[in-house]
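Enquirer: Following this message is one structure expressed as structure tokens.
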Amino acid sequence: MALTEFFHELLAPDKVDEAWLIIQSQFPTAIWETLYVTVLSTLVAILIGLPLGVLLVTGEKKGILPLPAWLMQTLNVIINLLRSVPFLILMIMVFPLTRAIVGTVVGTEATVVPLVIAAFPFVARLTESSLREVNPNLIEMAQSMGASPLQIITKVMLPESVPSLLSNATIAITTVLGYSAMSGILGGGGLGKIAINYGYYRYKDLIMIAAVILLIVLVQLFQSVGTRLAVHSDKRLK
Amino acid sequence: MIKIENLSKTFHTADGSVEALKNVSLDIADGDIFGIIGMSGAGKSTLVRCINLLERPDEGTVTIDGVDLGELNKKQLRFLRREVTMIFQGFHLLMQRPCLKNVCFPLELAGYSRQDAQKRAKELLETVGLLDKANAYPSQLSGGQQQRVAIARALATNPKVLLCDEATSALDPTTTNSILELIQEINQKTGITVVVITHQMSVVEKICRHVAILDGGEVAEQGEVTEVFSHPRSEAAKRLVYPESDAPDVSGVSGRLIRIVFNGAEAANTPIIARMASERGIAASIVYASTKSIGGKAYGQMLLALPDKDNVVTAAIGFLTEIKGIIAEEVNGVD
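So the protein sequences, as listed, match chains A and B. Take 4 as the starting number for the first sequence in my numbering and just add one per residue. Take -3 as the starting number for the second sequence in my numbering and just add one per residue.
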């Protein structure tokens, strides 16, 4: 009967009341902070990662705009390096940069810097894989019609991979959401901070569970909207 | 006028090098429909890609209207590619754009305004009979319709030359026929030079005036289609003209031989051999036959053995050539 006891204790009336008060006072801001940080960081990461992903494909030896091999290798190494550092360690490592840009290393804005640095290499790789799905015959077709490399990128590669780019953007935003929650342990704001501060440090399990449920709901929301957009945008299926 | 001189191209792969083209020379006259035929691996696709420099030859030159393509810089080459456009076996339409926008594509590349591009694209969709599909996406169209859109797209910039790379190989015989008729019609109307790459003799028979047979990267034979088709000299030509087997073995046949070439004859429903027997009293035996009926018309050829009498042979040839779309002639064996 340990389980019943556990729930009995968890849902004791005084604890529920206390949790409800905290939820009412803290959660609206926390949800806003989480959404704000996630969306902003993902957007900036896409701004940097998308062109980088394009370069990874077009800059290849047999690509439409070959870049020097050393440059491609450097790019790949940097991306792999950034991707292999665990997010929390990366956050600590970029503290000086964060301080230089934002002026502080704690708080919602400050988390955007490490989130972008963690996410843009990921976005670059996702973009790379989306663009590699484009039928190479279409690129040959565009070349046969006199398209310049830039026209091939903007009129063939990117538009033809929109459905795949949208699914990958969904993966990116849900991953960033997870990282942003993680950042709560090192001064980041949002639902992650609440889960850690109340649940872990003050043993208020109900608050932690509520925060986690909200995070799950947000991920579900992003995922279903993203999937729907991706399917809707794909003209091959109709 | 397209002048291809001493073209050679070798591909180097991990498994060694492949000589795709060996010293190929061809002259293609303005307004001609020129077929380049060969088995797969004969170098046809490489050759056609040298005409718009999608592939750069190792040696030799391609000259179009006096301009040596090898001398063009990148920008000039992009201009050239508006004049020398291409359709493909797999159509290669942009799947995320509706048909009208697909036809607009080369116009956008050339810097046309949106209105001008759409106006021209509509005209072209009308030419290929698909104006009602302007807003449909390629995935909603059949293969034949997709190829029509691709043809409209290829014509958008008013090119001088249309390259067709196995353009009908993915289509069924009826659709193939209608696409070939469309290409022929456009050739007649606009005087565009058409280069047709194919492995199907029937395609060459149907629309080409001249043909070059490519074998192992070399031109085995070239000339007028009727000439090459009725007197195949090279081994490669014979393999294509008699697709089912090697050239028929006529060593044991007694009497005289005539070859009947069906070139779209209304003969699919006409029992010509039976009629020849009943109306002219000529008893012929079939030595070899490879014909097929496409859209009610016969394509292919037949070898008939006749009694060894001059008047019989002349009468048979006379009877057969009266039928539209049939060429008949006496042959001495198949060489």
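Using N, Cα and C, we set each Cβ at its ideal position, and we do this for glycine too. These numbers were taken from a predicted model, which means no experiment stands behind them.
If you run the structure through DSSP and keep just helix, strand and coil, what is E8 of chain A?
Expert: DSSP places E8 of chain A in helix when its eight states are reduced to three.
Enquirer: Please find out if some non-hydrogen atom of the ligand NAD comes closer than 8 angstroms to the beta-carbon of T178 of chain A.
Expert: The ligand content of the structure shown is nil, which means the ligand NAD is not present either.
Enquirer: Report back the beta-carbon spacing between K18 of chain B and E214 of chain B to the nearest angstrom; my notes put them in contact at under 8 angstroms.
Expert: Their Cβ separation, rounded to whole angstroms, is 5 angstroms, which keeps K18 of chain B and E214 of chain B in contact under 8 angstroms.
Enquirer: Considering Cα atoms alone, identify which of B:D61, B:M35, B:F315, B:F225 is closest to I0 of chain B.
Expert: Measuring from the Cα of I0 of chain B, the nearest candidate turns out to be B:D61.
Enquirer: Does T81 of chain B come within less than 9 angstroms of chain A when only Cβ atoms are used?
Expert: At least one chain A Cβ lies under 9 angstroms of T81 of chain B.
Enquirer: Please classify N171 of chain A: is it buried, with 16 or more other beta-carbons within 10 angstroms of its beta-carbon, or exposed?
Expert: Buried, by the Cβ-count rule.
Enquirer: Around the C-beta of T310 of chain B, are 16 or more other C-beta atoms found within 10 angstroms, so that it is buried, or is it exposed?
Expert: Exposed, because fewer than 16 other Cβ atoms sit within 10 Å of the Cβ of T310 of chain B.
Enquirer: For a contact defined as C-beta to C-beta under 9 angstroms, what are the partners of E67 of chain B on chain A?
Expert: By Cβ distance, chain A contributes nothing, its closest Cβ being about 17 angstroms from E67 of chain B, past 9 angstroms.
Enquirer: Is the distance from the Cβ of L53 of chain A to the Cβ of G62 of chain A below 9 angstroms?
Expert: Cβ distance not < 9 angstroms, so L53 of chain A and G62 of chain A don't count as in contact.
Enquirer: At which residue ranges does the stretch 76 to 119 of chain A contain complete beta strand (DSSP E) runs of 3 or more residues, listed in the order of the chain?
Expert: None, since the stretch 76 to 119 of chain A contains no complete beta strand (DSSP E) of that length.
Enquirer: Please report whether the beta-carbon of D331 of chain B lies at a distance below 9 angstroms from any beta-carbon of chain A.
Expert: The predicted model places D331 of chain B with a pLDDT of 45, which falls under 50 and marks its position as unreliable; any figure quoted below should be read in that light. D331 of chain B does not count as touching chain A.
Enquirer: Report the start-end ranges of each alpha helix (DSSP H) in the stretch 174 to 206 of chain B that is 4 residues or longer and not cut off at the edges.
Expert: Fully enclosed alpha helix (DSSP H) runs of 4 or longer: 197 to 203.
Enquirer: Out of B:S109, B:L49, B:L121, state which residue places its alpha-carbon closest to the alpha-carbon of Q146 of chain A.
Expert: Ranking B:S109, B:L49, B:L121 by Cα distance to Q146 of chain A puts B:L49 first.
Enquirer: Could you tell me which uninterrupted beta strand (DSSP E) segments, each at least 3 residues in length, are contained entirely in the stretch 68 to 137 of chain B, listed from first to last along the chain?
Expert: List check, beta strand (DSSP E) in window: 80 to 84.
Enquirer: Does R231 of chain A come out as helix, strand or coil in the three-state DSSP assignment?
Expert: In the structure shown, R231 of chain A sits in a helix (DSSP, three-state: H, G or I).
Enquirer: Determine the contact status of F225 of chain B and M272 of chain B, defining contact as a CB-CB distance below 9 angstroms.
Expert: No, Cβ-Cβ distance for F225 of chain B and M272 of chain B is not below 9 angstroms.
Enquirer: Cβ closer than 9 angstroms: which chain A residues qualify as neighbours of F84 of chain B?
Expert: Ordered by position in chain A, the residues that pass the 9 angstroms Cβ test against F84 of chain B are N140, E143, M144, S147.
Enquirer: Residues of chain B with CB under 9 angstroms from V165 of chain A, in chain order?
Expert: Here the neighbours are Q92.
Enquirer: For K40 of chain B, count the other beta carbons within 10 Å of its own beta carbon; 16 or more makes it buried, fewer makes it exposed. Which is it?
Expert: With 16 or more Cβ atoms within 10 Å of its Cβ, K40 of chain B is classed as buried.
Enquirer: With burial defined as no fewer than 16 other Cβ atoms inside 10 Å of the residue's Cβ, what is the status of E162 of chain B: buried or exposed?
Expert: Label assigned to E162 of chain B: buried.
Enquirer: How many angstroms separate the CA atom of V228 of chain A from the CA atom of I82 of chain A?
Expert: Taking the straight line joining both Cα atoms gives about 28 angstroms.
Enquirer: Please name the residue in B:L167, B:R149, B:E55 whose C-alpha comes closest to that of S138 of chain B.
Expert: Of B:L167, B:R149, B:E55, the residue nearest in Cα terms is B:L167.
Enquirer: Quick check on DSSP: helix, strand or coil for I219 of chain A?
Expert: Three-state result, I219 of chain A: helix.
Enquirer: Using a C-beta cutoff of 9 angstroms, does P162 of chain A count as contacting chain B?
Expert: Cβ-Cβ to chain B under 9 angstroms: yes for P162 of chain A.
Enquirer: Give the range of the alpha helix (DSSP H) segment to which D306 of chain B is assigned.
Expert: That run of the alpha helix (DSSP H) goes 306 to 317.
Enquirer: Starting from the C-beta of L120 of chain B, find all residues in its chain whose C-beta is less than 7 angstroms away, skip the five residues before and the five after it, and write them out in chain order.
Expert: Excluding sequence neighbours, L120 of chain B sits near V99, A148, L151, A152.
Enquirer: If contact means a Cβ-Cβ distance below 9 angstroms, which residues of the stretch 219 to 231 of chain A contact chain B?
Expert: If the cut-off is 9 angstroms between Cβ atoms, the stretch 219 to 231 of chain A has nothing near chain B.
Enquirer: Using a beta-carbon distance cut-off of less than 8 angstroms, what residues from the stretch 101 to 114 of chain B approach chain A?
Expert: Going along the stretch 101 to 114 of chain B in chain order, one finds F101, P102, E104, L105, A106 with a Cβ nearer than 8 angstroms to chain A.
Enquirer: Once DSSP output is grouped into helix, strand and coil, what is the label at T178 of chain A?
Expert: Helix at T178 of chain A.
Enquirer: At a CB-CB cut-off below 7 angstroms, which residues of chain B make contact with S151 of chain A?
Expert: R74, listed in chain order.
Enquirer: What is the residue span of the alpha helix (DSSP H) that V221 of chain B lies within?
Expert: Segment 221 to 226, the alpha helix (DSSP H) holding V221 of chain B.
Enquirer: CB-CB under 6 angstroms to A38 of chain B, same chain, minus the five flanking residues each way: which ones, in chain order?
Expert: Here the set comprises L210, D211.
Enquirer: Just to confirm my understanding: we take V311 of chain A, look at its own chain, exclude 5 residues before and 5 after, and list those with CB closer than 6 angstroms. What are they?
Expert: Because chain A in this structure spans residues 4 to 241, residue 311 of chain A falls outside the shown range and cannot be described.
Enquirer: Against chain C, with Cβ distances strictly below 9 angstroms, would Y133 of chain B count as a contact?
Expert: The structure shown contains no chain C; its protein chains are A and B.
Enquirer: Could you confirm whether any beta carbon from chain B is found closer than 9 angstroms to the beta carbon of R239 of chain A?
Expert: Yes, R239 of chain A lies at the interface with chain B (some Cβ there is under 9 angstroms from its Cβ).
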